[in-house]
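Note that the numbering used here has the first sequence beginning at 3, numbered continuously upward. Just so you know, even glycine gets a beta-carbon here, dropped at the ideal spot from N, CA and C. Quantities reported herein were computed from a predicted structural model and do not represent experimental measurements. Everything on this sheet refers to the single structure shown next.
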Amino acid sequence: MEISKLAGLVGERVRLTGWLYNKRGSKKLAFLEVRDGTGVVQCTVAQADVPDATWQAAAEVTQESALEVEGEVRAHPRRASEVELGVTSLRVTAPSVEYPISPKEHGTDFLMDHRHLWLRSRRQHAILGVRHSIVRAIRDFFDTRGFTLVDAPIFTPNACEGTSTLFETEYHGDTAYLTQSGQLYMEAAAAALGKVYCFGPTFRAEKSKTRRHLAEFWMVEPEVAFLDLDGDMQLAEDLLCAIVARVLDARRTELALLERDLAPLERVQGPFPRISYRQAIDVLREAGHDAKFGDDLGADEETLVSQRFDRPVIVHRYPSEAKAFYMKRDPTAPELALCMDVLAPEGYGEIIGGGQREDDLAALEARIDAHHLPRAAFDWYLDLRRYGSFPHAGFGLGVERTVAWLCGLPHVRETIPFPRMLNRLAP
RNA sequence: UCCAGCGUAGCUCAGUCGGUAGAGCAGGCGGCUGUUAACCGCCGGGUCCCUGGUUCGAGUCCAGGCGCUGGAGCCA
3 MEISKLAGLV GERVRLTGWL YNKRGSKKLA FLEVRDGTGV VQCTVAQADV
53 PDATWQAAAE VTQESALEVE GEVRAHPRRA SEVELGVTSL RVTAPSVEYP
103 ISPKEHGTDF LMDHRHLWLR SRRQHAILGV RHSIVRAIRD FFDTRGFTLV
153 DAPIFTPNAC EGTSTLFETE YHGDTAYLTQ SGQLYMEAAA AALGKVYCFG
203 PTFRAEKSKT RRHLAEFWMV EPEVAFLDLD GDMQLAEDLL CAIVARVLDA
253 RRTELALLER DLAPLERVQG PFPRISYRQA IDVLREAGHD AKFGDDLGAD
303 EETLVSQRFD RPVIVHRYPS EAKAFYMKRD PTAPELALCM DVLAPEGYGE
353 IIGGGQREDD LAALEARIDA HHLPRAAFDW YLDLRRYGSF PHAGFGLGVE
403 RTVAWLCGLP HVRETIPFPR MLNRLAP
């Protein structure tokens, strides 16, 4: 029987399998907190009610030992909403000797060294549950809107935004890189299937050491044929609303355990404010910041802008100068790119980046040259402009940043089961 | 790569003015019939990150190194 299903079984005899989460007790009474992955339940052993062997097992069982326990489900005498198990039989099936993670506090580095065990804690359990719901919400959102999932390759032959940020590897005598975006492949797929998305791991070799960066993270990247920037922003807004609504609906318990304030999440409803980069610069100047046109928005600037709004804000039309070669320029203002970022509230920053793609062959060729990229490597990509070029747009959503935001976590490292960071490749 | 902080028991930390090492948790033993990171008593447990320097004497001060953490840049 699963612990999550015990609530409706008061009065019934059940058998559980799981691990000892924590233990308290006295001479004649033991309280075993047992977890099985679905939940945690207090199992009470009274010396007077069980055979000597069972009492002995209860007295000696250590934290995280695997065990089998039988007993009667009954109301918790102290906590009205909970049940407990009155134990009749207990068997330790595999002992756990000196479990490293004690019930007291630990430092992050120690916990990360024991990440494989840390995952067993209530808090990590809650975070991974929220992550799972976010992934499900993303898939459901696209699948019910007629999108086709198209997996992008992990090995790629070339850089799409410069090689310094890519992990390099040997590939049968050639150099290959680990993908930093599936976008270029999604553009090809959009020409085949209209509305597509990829969802997979992405790799960045930048030596970033911040609470927002991982070397390996998961990204969902939709790409839609015949969609413009306005449609792209609407798609991003709809997606975020769907994700937040799903998590609020399905993960109340987990959010409560994480002590997440729900009010800011409940405000995440369309329409999101949309401001241009130029307006964002004005906002910064009003706030006393000496920003000028052409400056990139750093982390502090993003926070300042997003603090002006009570929900995610979309910033669009950045100067094309600093943007990737594939971004289409605004026909009414060539110094601007038809791109957009979505900034999450509460200081969580950029969670989406995207925009409309350059669909003019000559313009794209010129941009590739201007960025000193090898044109031959992009020949297949240019084919998409040679054979029935089409306006199209898309974006990338960072899953870990979204998990951190919805869970209210200060750092992305707990949002992924086994984080890969500048100084962490293990476990 | 740059800036800042930290490094003491298995873990989390304290350690005053430079005088020779301390608490809680974890582990062991004992006590307690309703505990909630249970509690109470006792016990064992140290390469004070490393190297060098100053000093009669360094966990403490100085220099260099290593490691970790946070931030910047870059981005999702």
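Would you kindly report the start and end of the unbroken alpha helix (DSSP H) that includes residue i?
i, result
"Q126", "124-145"
"Y173", "Looking at the DSSP string, Y173 is not in any alpha helix (DSSP H); the run it does join, the beta strand (DSSP E), is 170-173."
"V198", "That residue, V198, is in no alpha helix (DSSP H); its beta strand (DSSP E) goes 197-205."
"I245", "231-252"
"H394", "Not the alpha helix (DSSP H): H394 falls in the beta strand (DSSP E), residues 394-400."
"V307", "301-308"
"R117", "117-120"
Tell me which residues share the same chain as residue i and place their Cβ nearer than 6 Å to its Cβ, disregarding the 5 neighbours each side in the sequence.
i, result
"R15", "E74"
"E239", "G272, F274"
"I354", "A238, V344, F397, L399"
"C45", "L34, V36, V71, L87, V89"
"A96", "A68"
How far does the beta strand (DSSP E) with residue i in it reach, from first residue to last?
i, result
"A346", "341-346"
"S91", "85-96"
"D176", "176-180"
"V317", "315-318"
"S278", "276-278"
"P224", "218-227"
"I103", "Looking at the DSSP string, I103 is not in any beta strand (DSSP E), and its letter there is neither H nor E."
"I353", "351-358"
"Q44", "42-48"
"L69", "68-77"
"L31", "31-37"
Where does residue i land, buried or exposed, given buried means 16+ other C-beta within 10 angstroms?
i, result
"D343", "buried"
"R318", "It is His, not Arg, that sits at residue 318 in the sequence shown. H318 comes out buried."
"K7", "exposed"
"G20", "buried"
"V401", "buried"
"A289", "exposed"
"L427", "exposed"
Would you mind giving the Cβ-Cβ distance between residue i and residue j, rounded to the nearest angstrom? I have them listed as a contact below 8 Å.
i, j, result
"E86", "H78", "5 Å"
"V132", "R253", "5 Å"
"A128", "L22", "Actually they do not touch by this definition, with Cβ atoms about 20 Å apart."
"V222", "L242", "Not really, about 12 Å apart at Cβ, beyond 8 Å."
"F149", "V198", "6 Å"
"Q452", "A335", "No answer is possible for residue 452: the residues shown for the chain start at 3 and end at 429."
What residues in its chain sit with their C-beta under 8 Å from that of residue i, if we drop five residues either side in the sequence?
i, result
"L250", "L257, L264, L267, E268"
"T305", "G349, G351"
"L119", "E66, Y101, P102, I103"
Please work out which residues of its chain come closer than 7 Å, Cβ to Cβ, to residue i, disregarding the five sequence neighbours upstream and downstream, and give them in chain order.
i, result
"H373", "F327"
"F392", "A193, A227, F228, D361"
Contact the segment 211-218 vs the segment 402-416: 3+ CB pairs below 8 Å: yes
Stretch-stretch touch, CB-based, cutoff 8 Å, three pairs: the segment 81-100 with the segment 48-62: yes
Three-pair Cβ contact test at 8 Å for the segment 316-327 versus the segment 358-373: yes
Contact the segment 175-184 vs the segment 374-384: 3+ CB pairs below 8 Å: no
Segment contact, 8 Å Cβ cut-off, at least three pairs: the segment 23-38 with the segment 46-55: Verdict: yes, contact present.
Validate contact between the segment 103-110 and the segment 419-426 using beta carbons, cut 8 Å, 3 pairs: no
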